[in-house]
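> Chains as they are written, first to last, in the numbering used here: chain A, 1 to 250; chain B, 1001 to 1326. Cβ atoms here follow ideal geometry from the backbone N, Cα and C, with glycine treated the same way.
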Amino acid sequence: MLRCSGVQFVRDGFVLGPIDAVAKAGTITAVVGPNASGKTTLLEVVAGVRKPQQGTVQVDQLNMHTCSSDRRAAVMAMMPQRPPVECPLTVERLVSLGRLRLGRESVASEQAMGALGLESLRTRAVCSLSVGQAQRAHLARAVSQSGPRTVLVLDEPTAPLDHRWAEQTWDLLRGHAQAGGAVLVAIHDLAVAADRADDVWLLQGGKLLAAGSASTVCEPGLLQRAFGAAFEWADRKDGSRWLVPAGADQ
Amino acid sequence: MLLLVAAAIVAILRMTIDRNPSSGSISLAWPQAEWRSFRVTATVVGLLVGGGLALAGTLLQASLRNPLASPSVLGVSSGAGFGVMLALFLAYQTGVTEVAWGLPAMLGAAVAVGLVLVLGRKDGWPDPVSTILAGVIIATMFGAGMVLLQGLVPDGLRGRFLAWALGTVPEVTSTGAIPVLAGVLGVVCLAGILGHGRLDALLLDHASAVSIGASPGGTRLACLVAAGTLTAMTVAVCGPLGFVGLVAPHCARLLVGPEHRFLVPAAVLAGAALVTGADTLRQVIDLGTGRLPVGVLTTLAGGPFFLWMLRRGSASAWRGGMHASV
C-alpha cells in the first residue's frame, strides 16, 4: 500500500499539496486533473525523484525518501511521462536495466518483453523505434522491475500507444493489481480513468480536490469544478456506464 | 587490439620517405639506439593520452546523455590549456623557472566543467543542447584567453606555448607523468567496466534512472570528475588534442555497441590507436622534422566528423547509422 501523508512540494512558485491519500494494494488508482494541476510533479515526488519539503511517502511503512535507493527500487517502479526515445541501448538491455539493483532475473525481463510484444525488437536500438514502440520498451523496463507486491507508478503510459497496445497495457496493469501490487497512473482521458481505475485522485492547481472510488470522484459536479467543463454519465448497451462530455453524441 | 598493437609498433619505427620523385615511397626502420627510447616514450604517451581522452569522451557522452559531448567540444580541454598557459605566464612574470603543469590544468578543467554544468542546466539537470552551446562558448573564451597570454610573453616562450597549444606528443616527459597517467587511466577504466550498469542507466532519463536505483546524480558527478581529471592530465602532457574524445567513442560504439561493459575498454583501445596512428602519420607528413603538431591532424579529421554528426542529429549519432529509423 502507498500512503502520502501531508506531502507538500514547492518549486518555482507552484505549490503541490498538502496531499493525504492512499493507493491500496490490489487496486489501480488514477491521478487526474487539468493541465498544470501537478499530476507529473506528484508522481515524481511519490517515486522519490523529487523530495517533498514536507510530509512522507510510504510503501508498507517504508519511507521512500529516507530509504536506500536499492530498497526503493525493490518496492516501487516508475515510468515517467515521455521517456527518452533517443536512448541508444537495445530494447533487451533497456528492459534488463529494470533489474539493475535487484539481481539478474532474466525471466522477469523476458515476461515483460513478451507481454508488450517486444521479442522481435529485442536487438533493436530504442532510438531506432517508433515513439509507440519505444514507449512499450520503457514500460517493459518498469514492469520487469516490479514484483508481486510492488507499486507501479506510471505517467501517461498509454498516451502514444495504439488501441491494441493501450488495451494490453491496461490488462497488464490489472494483472499486476490482482497479483497484490498497487498501480498509480496519471492519465488525461477521464473516461478511461473512470472505466479502468478502481480509485481516482483528482488534482486542481496542486491541491487534492478529491480522492476515493472512481464512481465517487468522477461525479459531474466535482469534474465541472476541476476542469471547468461539464461531464455526464452515459449508459451503454451492455448496461455499463461511460463518462462523456455533456452534450456529446453517445 | 590487433590494430592497437600494429599502430604501436609502427609508431616506434622510424619513418623515412624516399625523396626521389620517381619512387616517393615510404620506408620503415628501427630507429638508432640513442633515438629508440624517445620513440618508445612518444608511443607510450600517445597510447595513454589517446586512451584517456577517449575514456573522458565516453564518460561525458554518458553523463550528459549527449553523443556530441567530448572534452574539446565542452571546453574542458581549452580550460585545462588555459590553466597551464596562465601558470606559465605567471611563472614568467615572477621569474619562476620550473612550473608543474598538472595542477593548473586540473584547475582549468574544473572551472570549465563547472561552468558547463551551471550554464547548461535546465530544470535542474544537464540539458543536451544547452550543454553543448555552453561548452562551445566556454571553449571559445578559453581559446581567446590562450591567444591573449601568447601575446604577453616573449618570443622564446611563445614558441613553446604555440607548439604545446596545438597538441604535440612529446618524446620526453617529466618524471612520473607516464606512471601517474597510466594509473589514473587504469583506475577509471576499471571503475567504468565494473560500474557499467550505472553508466548504462545514465542513458535513461533522470526519473527512470532514479527508479531503478542507479543514483544518477552521484554517477554523473563521478563521471564529470573522472573525465575532467583525465582531460587535465592529458592536456598537461600533450596540450589539447582536438576531437579524439569525440571520434574514438563513436568508432568503438560502431564496433561493439552502446553497452558500457564493452564500450569502455573498446573506446580506450580506439583512442590509443587513434592518437598513436595520428602521431605516426605526422612523422610521415612532416618528413621527420617534428614541426607538425599531431593536434592539427586530430582536429582536421575530427572537425568534419563532428559536423557530420551534428547534421545527422543526436538519435542517428548515438546509433552511428547502424539501424534504419522507423
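Pull up the DSSP beta-bridge partners for S1077/B, would you.
Here residue 1077/B corresponds to residue number 77 of the second sequence, with the count starting at 1. According to DSSP, S1077/B bridges with nothing at all.
> Would DSSP call Q178/A helix, strand or coil?
Along the first sequence, one-based indexing puts residue 178/A at 178. Helix at Q178/A.
> Expressed to the nearest angstrom, what Euclidean distance is found between the alpha-carbon atoms of I1193/B and T1219/B?
For the purposes of this step, residue 1193/B is identified with residue 193 of the second sequence, where counting begins at 1. For the purposes of this step, residue 1219/B is identified with residue 219 of the second sequence, where counting begins at 1. Those two C-alpha atoms are separated by around 13 Å.
> One question on the structure: do R196/A and W165/A come within less than 8 Å of each other, judged by their Cβ atoms?
The count along the first sequence starts at 1 and reaches residue 196/A at position 196. The count along the first sequence starts at 1 and reaches residue 165/A at position 165. No, the Cβ-Cβ distance between R196/A and W165/A is not below 8 Å.
> Specify, as a first and last residue, the run of the beta strand (DSSP E) that I1212/B falls within.
For this step, residue 1212/B is matched to residue 212 along the second sequence. From DSSP, I1212/B is part of no beta strand (DSSP E); its letter is neither H nor E.
> Based on the DSSP output, what are the partners of M78/A in its beta bridges?
Residue numbering aside, residue 78/A sits at position 78 when the first sequence is read from its first letter. Answer by DSSP bridge pairing, in chain order: V153/A.
> Kindly list the residues whose CB is nearer than 7 Å to the CB of L62/A, restricted to its own chain and excluding five residues on each side of it in sequence; keep chain order.
Within the first sequence, the letter at position 62 stands for residue 62/A. Correct list, in chain order: R71 and V75.
> Between V1116/B and chain A, is the shortest Cβ-Cβ distance under 8 Å, so that the two count as touching?
Residue numbering aside, residue 1116/B sits at position 116 when the second sequence is read from its first letter. No, its Cβ sits nowhere closer than 8 Å to a Cβ of chain A.
> Assuming the contact rule is C-beta atoms closer than 8 Å, T40/A and Q81/A should be a hit. Round their C-beta distance to whole Å, please.
Along the first sequence, read from residue 1 onward, the residue named residue 40/A stands at position 40. Along the first sequence, read from residue 1 onward, the residue named residue 81/A stands at position 81. 6 Å between Cβ atoms; contact.
> For Q250/A, does the count of other Cβ atoms within 10 angstroms reach 16, so buried, or fall short, so exposed?
Position 250 of the first sequence, counted from the start, is the residue given in the question as residue 250/A. Here Q250/A scores only 48 on pLDDT, less than 50, and its place in the model should not be relied on; the value that follows carries that caveat. Q250/A is exposed by the Cβ-count criterion.
> Give, in chain order, every unbroken run of the beta strand (DSSP E) that is at least 3 residues long and sits entirely within the stretch 1112-1188 of chain B.
With a minimum length of 3 residues, no continuous beta strand (DSSP E) run stays inside the stretch 1112-1188 of chain B.
> Who are the near neighbours of M1322/B in its chain, counting only those whose CB is closer than 8 Å to its CB and skipping five residues on each side?
For the purposes of this step, residue 1322/B is taken as the residue at position 322 of the second sequence. In this prediction, M1322/B has a pLDDT of 38, which is less than 50 and means its spatial position is unreliable; what the coordinates show is noted afterwards. Answer for M1322/B: L1254, listed in chain order.
> With a threshold of 8 Å on Cβ separation, who are the neighbours of V251/A within its own chain once the five nearest residues in sequence on each side are excluded?
Beyond the ends of chain A as shown, which are 1 and 250, falls residue 251/A; an answer cannot be given.
> Closer than 8 Å, CB to CB, is E92/A near chain B or not?
Here the question's residue 92/A lines up with position 92 in the first sequence. With 8 Å as the cut-off, E92/A does not count as an interface residue toward chain B.
> For T158/A and L1074/B, what's the separation of their Cα atoms in angstroms?
By 1-based counting over the first sequence, the position of residue 158/A is 158. By 1-based counting over the second sequence, the position of residue 1074/B is 74. Computed Cα separation, rounded: 37 Å.
> If contact means a Cβ-Cβ distance below 7 Å, which residues of the stretch 49-71 of chain A contact chain B?
Listed in sequence order: V49, S69 and D70.
> Run through chain A and tell me which residues come within less than 7 Å of I1212/B, C-beta to C-beta.
Counting from 1 along the second sequence, the entry for residue 1212/B is found at position 212. Under the 7 Å cutoff, chain A gives A73, L97, G98, L100, R101 and Q145.
> In angstroms with no decimal places, state the Cα-to-Cα distance between L1059/B and G1257/B.
Translated into positions along the second sequence, residue 1059/B becomes position 59. Translated into positions along the second sequence, residue 1257/B becomes position 257. Going by the C-alpha atoms only, they are around 15 Å apart.
> Classify A1324/B as buried or exposed, calling it buried when 16 or more other Cβ atoms lie within 10 Å of its own Cβ.
If you number the second sequence from 1, residue 1324/B lands on position 324. The predicted position of A1324/B is uncertain, since its pLDDT is 33 and thus under 50; a value taken from the coordinates is nonetheless stated next. Under this definition A1324/B is an exposed residue.
> Would you identify the three-state DSSP class for Q53/A, choosing helix, strand or coil?
The residue labelled residue 53/A in the question sits at position 53 within the first sequence. If DSSP states are grouped into helix, strand and coil, Q53/A belongs with coil.
> From this set, D238/A, S69/A, A21/A and E232/A, which residue's C-alpha is nearest V57/A's C-alpha?
As a working mapping, residue 57/A is identified with position 57 in the first sequence. Checked all of D238/A, S69/A, A21/A and E232/A; the closest Cα to V57/A is A21/A.
> Can you tell me the Cα-Cα spacing of V1235/B and L16/A, whole angstroms?
On the second sequence, residue 1235/B is found 235 positions in, with the first residue counted as 1. On the first sequence, residue 16/A is found 16 positions in, with the first residue counted as 1. Taking the straight line from one Cα to the other gives about 48 Å.
> Verify whether the separation of the beta carbon atoms of T1231/B and P1071/B is less than 8 Å.
Taking the second sequence and counting its residues from 1, the one referred to as residue 1231/B is at position 231. Taking the second sequence and counting its residues from 1, the one referred to as residue 1071/B is at position 71. Result yes, Cβ atoms of T1231/B and P1071/B sit closer than 8 Å.
> Is it right to say N35/A is buried, meaning 16 or more other beta carbons lie within 10 angstroms of its own, or is it exposed?
By 1-based counting over the first sequence, the position of residue 35/A is 35. Label assigned to N35/A: exposed.
> Please confirm if H1206/B has its CB atom under 8 Å from at least one CB of chain A.
Locating residue 1206/B in the second sequence gives position 206, counting from the first residue. By this cut-off, H1206/B is an interface position.
> Go to A234/A, then tell me how far its alpha helix (DSSP H) extends in each direction, as first and last residue.
Here residue 234/A refers to the residue found at position 234 when the first sequence is read from its first residue. Segment F231 to D235 is the beta strand (DSSP E) holding A234/A; no alpha helix (DSSP H) there.
> Does R3/A come within less than 8 Å of chain B when only Cβ atoms are used?
By 1-based counting over the first sequence, the position of residue 3/A is 3. So no, R3/A is outside the interface.
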